[in-house]
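Since the structure comes first, as structure tokens, the remarks are kept for the end.
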Amino acid sequence: MLDVIGAGATATSAQNWYDIWQASPESKHVQQEIDAIHTEGRSRPPVEAEFHAEFASGWFFQTKELLMREAQANWRNPTYLMAKLGLNIIGGLFIGFTFYKSKDTQQGTQNKLFAIFMSTILR
């Protein structure tokens, strides 16, 4: 295929494929279809943009309902709450004492930032 269109190793072609396409009846038919699509599109009125809300209720209401549902689910599962509380206390103490009195050097500041990062992924 590449040799036929002139893109092979020789990079030459015996025929000008663009001129062959332009002279073909298929090209004229395709161009007529494109012109018909353009004519039909120009005859229609412009599309009116309308604002449609994506959700049936507002953002604040959804957030409030979600927080209430989450609080209710946590209230009904005290074992989970105590495990999360213990994990956060123990993890916080571990991270805090690991990096307690870090020096104000470049390595110490990097260690402090790493401690902050670890405290965010602990949850």
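Residue numbers (my numbering): 980 to 1102.
We put the CB at the ideal spot given by N, CA and C, even for glycine.
Exercise for review: Could you check how far apart the C-beta atoms of residue 1090 and residue 1078 are, in whole angstroms? I think they sit under 8 Å.
Suggested key: 5 Å
**Study point:** Simplified DSSP state of residue 1039, which is helix, strand or coil
**Key:** helix
**Study point:** Sub-8 Å separation of residue 1065 and residue 1098 beta-carbons
**Key:** no
Point to revise | Cutoff 6 Å; reference residue 1094; Cβ partners in own chain excluding five residues on either side | key: 1074 and 1078
Point to revise | Reduced DSSP secondary structure (H/G/I, E/B, other) of residue 1090 | key: helix
Review point. Which first and last residues belong to the alpha helix (DSSP H) in which residue 1005 is found?
Key: 1004 to 1022
Review point. Which value, in whole angstroms, describes the spacing of the CA atoms of residue 986 and residue 1002?
Key: 22 Å
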